[in-house]
Every structure is written in C-alpha cells, then in structure tokens.
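Participant: Take this structure, written in structure tokens, and hold onto it; I'll ask about it next.
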Amino acid sequence: MKVYTKTGDKGTTALFGGTRVPKDHARIESYGTVDELNSHIGLIRDQEMNAHYKEILIEIQDRLFTVGAILATPPEKEVMKNGELRLKNLGIIESDIELLENEIDAMEEALPPMTHFVLPGGHTTVSYCHIARCVCRRAERLAVHLNHNEPVAEIAIKYLNRLSDYLFVLARKLSHDLKAAEVQWIPRK
1 MKVYTKTGDK GTTALFGGTR VPKDHARIES YGTVDELNSH IGLIRDQEMN AHYKEILIEI
61 QDRLFTVGAI LATPPEKEVM KNGELRLKNL GIIESDIELL ENEIDAMEEA LPPMTHFVLP
121 GGHTTVSYCH IARCVCRRAE RLAVHLNHNE PVAEIAIKYL NRLSDYLFVL ARKLSHDLKA
181 AEVQWIPRK
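Quick note: the sequence shown uses full-length UniProt numbering, first residue 1, plus one each step.
Take a look at the structure:
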C-alpha cells in the first residue's frame with residue numbers, strides 16, 4: 001500500500017465512512033488538531049522523566065487516537081449499512097476521565113498551592129507540556145465549534161478539557177521534579 005493516494009490533490013479528504021469534505025472543514029481542523037496534540041505528547045514522552053508519567057502519556061496517546069476517530073466520523077456514518085457501529089470497539093469512557101483526575105490529584109498532593117498564574121517555561125520538558133496544553137485547548141475549542149454544527153460526543157469534549165488540566169499539572173509537577181524555576185505571574189499594581 002502506498003502512502004500517497006492522490007485523492008486529496010484537489011483539496012478534499014475522506015472522513016470515516018467515505019464522505020468527502022474540503023480539507024479546511026471544521027471536522028478536519030478538529031481531528032487534525034488532536035493529531036497535532038498527540039505528536040506533542042509524544043515529544044513530552046520522549047523526555048527524561050518518571051516511568052509512570054510515560055505510561056500515562058502512552059495511555060493518553062491511545063485515547064487521543066480514539067478522540068480523533070470520533071471526530072473523523074460524521075453522525076450519519078456512525079452506523080454502517082450492516083447495522084453495526086463504525087467505532088464499535090472504540091470510545092472514551094468515564095474511567096478514562098477518572099484516570100486523568102486521579103493523576104491530577106496525586107500530582108497536586110506533592111505540589112505547593114498555586115497563588116498566581118504560572119508563566120510557561122523553566123525547563124524544556126515543562127515548556128513542551130505547556131505547548132501541548134495550549135494545543136489541547138485549541139483542539140477542545142475546535143471540537144466545541146464543530147459541535148455547534150454537527151453533534152460531537154460530549155465525552156470527547158470532556159476528555160479534552162480534563163486533558164488540558166492534566167497537562168498543566170504535569171508541567172507544574174515536572175517543574176518540581178526537575179527543580180526548575182516556576183515563575184508565577186504577578187500583576188502590576
């Protein structure tokens with residue numbers, strides 16, 4: 001199988017189920033940004049850090065493939081002609097969100113309370129986390145925008161929301177673990 005198909009040469013692409021749409025369609029922007037996020041998380045995972053964080057990041061990357069599949073499937077193509085669900089064995093479930101929440105809670109227990117906003121930076125790995133958090137927020141915004149026109153599974157949006165929280169706390173925890181300077185934003189008086 002060749003990587004190039006030439007079917008997108010005129011600016012269209014196929015969604016799950018075969019529907020062709022312009023490459024700048026809200027659905028493409030949405031799942032394309034999730035793909036971008038997944039790549040940033042891979043970059044974070046490639047850094048030196050606790051093995052547990054790497055395991056969680058692999059789990060997150062797997063879930064992001066699922067979120068991408070959800071976003072790549074238009075509502076009218078969710079059920080195949082034979083009556084089976086197109087994404088039969090795929091889905092985001094509450095335990096996926098609970099995993100993120102449990103990880104956030106565990107990391108926060110080891111951190112001092114936040115009294116101000118945190119400026120991104122202090123260490124390359126921490127900066128990668130903040131970049132991923134920003135891309136995650138964009139992915140969430142695009143999924144919400146898509147949902148205004150075509151239904152998107154609420155749990156996929158919820159997962160992206162919780163993931164951005166996780167990435168923020170991971171950045172703080174890695175700052176702590178790496179003894180990096182965490183600079184808090186202090187407004188002018």
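Ideal Cβ positions, reconstructed from N, Cα and C, are used throughout, including at glycine.
Please name the residue, chosen from Y4, L146, I56, that lies closest to G68 on a Cα-to-Cα basis.
Facilitator: G68 has its Cα closest to that of L146, out of Y4, L146, I56.
Participant: Could you give the DSSP three-state label for R188: helix, strand or coil?
Facilitator: R188: coil per DSSP, three-state reduction.
Participant: What residues in its chain sit with their C-beta under 8 Å from that of C136, if we drop five residues either side in the sequence?
Facilitator: The residues are L37, L160, L163, S164, L167.
Participant: Name the DSSP beta bridge partners of V118, please?
Facilitator: Its beta-bridge partners are Q184.
Participant: Can you tell me where the beta strand (DSSP E) holding T12 begins and where it ends?
Facilitator: T12 -> beta strand (DSSP E) spans 12 to 14.
Participant: Within the continuous alpha helix (DSSP H) that includes D165, where are the two ends?
Facilitator: 154 to 177 is the span of the alpha helix (DSSP H), which, as asked, contains D165.
Participant: Reducing DSSP to helix, strand and coil, say where V3 ends up.
Facilitator: Coil at V3, not helix or strand.
Participant: What's the C-alpha gap between G91 and I157?
Facilitator: Spanning the two alpha carbons is a distance of roughly 12 Å.
Participant: Can at least three beta-carbon pairs, one atom from the stretch 127 to 142 and one from the stretch 100 to 116, be found at a separation below 8 Å?
Facilitator: Taking 8 Å as the limit for Cβ pairs, the verdict is that the stretch 100 to 116 does not touch the stretch 127 to 142.
Participant: So, for N50: in the same chain, excluding its five sequence neighbours on each side, which residues have a beta-carbon less than 8 Å away from its beta-carbon?
Facilitator: Closer than 8 Å at Cβ, skipping near neighbours: D177.
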